[in-house]
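Here my numbering = 1-based position in the sequence shown + 1445. Virtual Cβ for every residue (Gly too), placed ideally from N, Cα, C.
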Amino acid sequence: MKAFVGATLIDGTGKAPVKNSVVLVKEDRIEAAGPRGAVMLPDGVEIVNVSGLTLLPGLIDTHDHLVTEGYSLSQRWGLSEPLSLKYLKTARAVEDTLMSGYTTVRDAGWLDAGFKRAIDEGVIPGPRLLVAVAIISATGGAADRFSPAGYSHPGFGDPLIPSGVANGVDGVRAKVREVCRAGADVVKIATTGGVGSRPGFGPKDSLYTLEEIRAAVDEAHFQGRKVMCHAIGGHGLRLAIEAGVDSIEHGGYLDQEPRLIQAMAERNIFFTPTFTVYVYHRERGQPHMQSRAREMQPHHIKSLQMALAAGVRVSAGTDAGGYVKGDNAHEVQLLAEAGMSPMQALRGGTGWAAECIGLEREGGTVEAGKLADLLVIDGDPLSNISVLRDRSRTRLVMKGGKAYVDRLGGGGQAGRGAS
Ligand SMILES: [Zn+2]
């Protein structure tokens, strides 16, 4: 058993920080956490001195794409490199993401469920993964790889990742079953176009009918999966909320639908704005993507503020994997810059994020009984949120009681060696 003693504890529940705390870890779980005077230190416990540091839950990214790289046709269609090379690079990105303090990542599409197994079996280090495997959309939507010259691409090049194209109530229901069979922990659907979609199919264009979206939600829930829905504005956004998806991903034009924001609050639908990817779309996207992203930005920020005011819970998802990996905490900073308090933004990357992805009973907060997913940093994220992005400040990354980064440097006085 180990006791981390003396840190300022920000436990991810939104409660005020606890100075001079104790967090007791037994095997893979947190045994107790609280102020020093309130937690009994058992005989033989190994004391780790973390005074002067901040202890947080391991961070959670609720929307990433660990396998993708770039938005060019050759990258998206896998024309330039063999799948083996892509996957070796992905293994490195997965490890790097864990080392940055992210102990859980929900991958929103194209990551083979084998990566999850590789991590669980200890083949490669990485965060706890929840995977969507494929993105489900109608013909012409996000899942449909079709070039202006008429070429089509069946999928990702990985036979374990089904094409996400599905049409009609029966087709959509069958597709949900297919992605679940391929190992999906969450069902990802797209009901609108996006900033990154082809010219002529933008953020407010929609394809699915209410009946089709309802079929996806019904089948996913029947199979115990949540539905994360790429929806940005207009009709497809309205229908997604009406059909009862579990989270709205992006939601850049929610501000134009105050009634929908109210409905999200009432129905516990999470909002995952994914601000990070739009920074890159604005700076590095193709010309039509840059102008779409610039036009959306003020609406996106207003959407967040209106959602918060209405009581909608917000989770930190980067969606940035197509551009950048290993800087997932950028999103927490962007949430704060868009109007969340630093504590709210931290909840977005911890407690609320765990609720968004359905892991609230296992993680997201530093509380007795939860998995020992911990992050210790040198710095106070409540006064300067960007310290989360500074790797030189990372002192400990622990997942399930196992340390993957440990730079506490023997500052802890060893106890009697029992653990
Ligand atoms: Zn995405």
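By DSSP, does methionine 1673 sit in helix, in strand, or in coil?
Here residue 1673 corresponds to residue number 228 of the sequence shown, with the count starting at 1. Of the three classes helix, strand and coil, the one that applies to methionine 1673 here is strand, per DSSP.
Are the beta-carbon atoms of alanine 1883 and isoleucine 1830 separated by less than 8 Å?
The structure shown does not extend to residue 1883, since the chain is modelled only from 1446 to 1864, so the question has no answer here.
Bridge partner(s) assigned by DSSP for glycine 1479
Reading the sequence shown from its first residue, position 34 is the one you call residue 1479. According to the DSSP secondary-structure assignment, glycine 1479 is paired through a beta bridge with Val1467.
I want to check one thing, is the minimum distance from the CB of aspartate 1691 to the heavy atoms of ligand 1 below 7 Å?
For the purposes of this step, residue 1691 is identified with residue 246 of the sequence shown, where counting begins at 1. It does not: the Cβ of aspartate 1691 is nowhere closer than 7 Å to a heavy atom of ligand 1.
Report yes if the CB atom of alanine 1587 is closer than 8 Å to the CB atom of histidine 1510, and no otherwise.
Here the question's residue 1587 lines up with position 142 in the sequence shown. Here the question's residue 1510 lines up with position 65 in the sequence shown. Contact: no.
Can you tell me which of Val1490, Pro1502, Thr1535 and Gly1482 puts its alpha carbon nearest to the alpha carbon of threonine 1458?
Residue mapping note: residue 1458 aligns to position 13 of the sequence shown, counting from 1. Cα-wise, what sits closest to threonine 1458 is Pro1502.
Any heavy atom of ligand 1 within a distance shorter than 7 Å of the CB on histidine 1508?
Position 63 of the sequence shown, counted from the first residue, corresponds to residue 1508. Yes, since a heavy atom of ligand 1 falls inside the 7 Å radius drawn around the Cβ of histidine 1508.
What are the uninterrupted segments assigned as alpha helix (DSSP H) that are 4 or more residues long and contained completely in the segment 1615-1672, given in chain order?
Entirely contained in the segment 1615-1672, the alpha helix (DSSP H) runs reaching 4 residues are, in chain order, 1655-1667.
Using CA coordinates, which residue listed in Ala1665, Arg1704 and Asp1663 is at the minimum distance from leucine 1682?
Taking the first residue of the sequence shown as 1, we reach residue 1682 at position 237. Of Ala1665, Arg1704 and Asp1663, the residue nearest in Cα terms is Arg1704.
Pair every Cβ in the segment 1659-1668 with every Cβ in the segment 1712-1731, then say whether three or more of these pairs are closer than 8 Å.
no
Cβ-based burial, alanine 1813 [other Cβ within 10 Å; buried from 16]:
Working through the sequence shown from its first residue, we reach residue 1813 at position 368. Under this definition alanine 1813 is an exposed residue.
What residues come near ligand 1, if near means a beta carbon less than 5 Å from any of its heavy atoms?
Ala1553 and Asp1764
Beta-carbon proximity of valine 1468 to leucine 1518, cut-off 8 Å:
Residue numbering aside, residue 1468 sits at position 23 when the sequence shown is read from its first letter. Residue numbering aside, residue 1518 sits at position 73 when the sequence shown is read from its first letter. Not in contact: valine 1468 and leucine 1518 (Cβ atoms no closer than 8 Å).
On the three-state DSSP scale, how would you describe lysine 1847?
Position 402 of the sequence shown holds residue 1847. Lysine 1847 falls in the strand class under three-state DSSP.
Buried or exposed, going by whether 16 or more other CB atoms sit within 10 Å of the CB of glutamate 1728?
Translated into the one-based positions of the sequence shown, residue 1728 becomes position 283. Classification for glutamate 1728: exposed.
Using 8 Å as the Cβ pair cut-off and three pairs as the minimum, do the segment 1513-1529 and the segment 1490-1499 touch?
no
List the whole-angstrom C-beta distance separating histidine 1680 from serine 1651, where the pair is believed to meet the contact cut-off of C-beta under 8 Å.
Taking the sequence shown and counting its residues from 1, the one referred to as residue 1680 is at position 235. Taking the sequence shown and counting its residues from 1, the one referred to as residue 1651 is at position 206. Yes, histidine 1680 and serine 1651 are in contact; Cβ-Cβ is about 4 Å, under 8 Å.
Please state whether DSSP places isoleucine 1569 in a helix, a strand or coil.
Within the sequence shown, residue 1569 is the residue found at index 124, counting from 1. Looking at isoleucine 1569 - three-state DSSP - the assignment turns out to be coil, as it is neither helix nor strand.
Identify the continuous alpha helix (DSSP H) that holds alanine 1798 and give its terminal residues.
For the purposes of this step, residue 1798 is taken as the residue at position 353 of the sequence shown. Here the alpha helix (DSSP H) through alanine 1798 covers 1796-1802.
Presumed contact (8 Å Cβ cut-off) between leucine 1533 and glycine 1571, rounded CB distance:
Residue 1533 sits at position 88 when you count from the first residue of the sequence shown. Residue 1571 sits at position 126 when you count from the first residue of the sequence shown. Actually they are not in contact, since the Cβ atoms of leucine 1533 and glycine 1571 sit about 13 Å apart, beyond 8 Å.
Measure the C-alpha to C-alpha separation of arginine 1840 and glycine 1846 and round it to an integer number of angstroms.
Along the sequence shown, read from residue 1 onward, the residue named residue 1840 stands at position 395. Along the sequence shown, read from residue 1 onward, the residue named residue 1846 stands at position 401. If you take the alpha carbons of arginine 1840 and glycine 1846, they lie about 15 Å apart.
By the DSSP assignment, the alpha helix (DSSP H) with phenylalanine 1720 in it spans what residues?
Position 275 of the sequence shown, counted from the first residue, corresponds to residue 1720. Here the alpha helix (DSSP H) through phenylalanine 1720 covers 1720-1729.
Comparing alpha-carbon positions, which option in Gly1609, Phe1601, Asp1473 and Arg1838 lies nearest glutamate 1807?
Locating residue 1807 in the sequence shown gives position 362, counting from the first residue. Here the closest residue by C-alpha is Asp1473.
Per DSSP, what are the beta-bridge partners of phenylalanine 1560 in this structure?
For the purposes of this step, residue 1560 is taken as residue 115 along the sequence shown, with counting starting at 1. According to DSSP, which records beta bridges pairwise, phenylalanine 1560 is partnered with nothing at all.
Helix, strand or coil: how does DSSP classify isoleucine 1714 here?
Working through the sequence shown from its first residue, we reach residue 1714 at position 269. Of the three classes helix, strand and coil, the one that applies to isoleucine 1714 here is coil, per DSSP.
Per DSSP, the bridge partner or partners of leucine 1575
If you number the sequence shown from 1, residue 1575 lands on position 130. DSSP output for leucine 1575 lists Arg1551 as bridge partner(s).
Of the listed residues Ser1466, Met1709 and Ala1611, nearest to arginine 1481 (C-alpha basis)
Mapped onto the sequence shown, residue 1481 falls at position 36. Comparing Cα-Cα distances from arginine 1481 to each of Ser1466, Met1709 and Ala1611, the minimum goes to Ser1466.
So, with DSSP's three-state summary, where would you put aspartate 1456?
Along the sequence shown, read from residue 1 onward, the residue named residue 1456 stands at position 11. It is coil, neither helix nor strand.
Span of the alpha helix (DSSP H), counted from its first residue to its last, around glutamate 1540
Translated into positions along the sequence shown, residue 1540 becomes position 95. Segment 1528-1544, the alpha helix (DSSP H) holding glutamate 1540.
Exposed or buried, which one is glutamate 1711 when buried takes at least 16 other CB atoms within 10 Å?
Position 266 of the sequence shown, counted from the start, is the residue given in the question as residue 1711. So glutamate 1711 ends up on the exposed side.
Taking the alpha helix (DSSP H) that valine 1777 falls in, what are its first and last residues?
The residue given as residue 1777 occupies position 332 in the sequence shown. Segment 1775-1782, the alpha helix (DSSP H) holding valine 1777.
Can you tell me which residues form a DSSP beta bridge with threonine 1839?
Indexing the sequence shown from 1 puts residue 1839 at position 394. Paired residue(s): Ile1822.
DSSP state of leucine 1511, grouped into three classes?
Position 66 of the sequence shown, counted from the start, is the residue given in the question as residue 1511. DSSP places leucine 1511 in the coil class of the three-state scheme, outside both helix and strand.
Buried or exposed: which applies to aspartate 1615, given that a residue is buried once 16 or more other Cβ atoms fall within 10 Å of its Cβ?
In the sequence shown, counting from the first residue as 1, residue 1615 sits at position 170. Classification of aspartate 1615: exposed, given that the 10 Å Cβ count is below 16.
In the structure shown, what three-state DSSP assignment does isoleucine 1787 receive?
Position 342 of the sequence shown holds residue 1787. Per the sequence shown, the amino acid found at residue 1787 is proline instead of isoleucine. Reduced to three states, the DSSP call for proline 1787 is helix.
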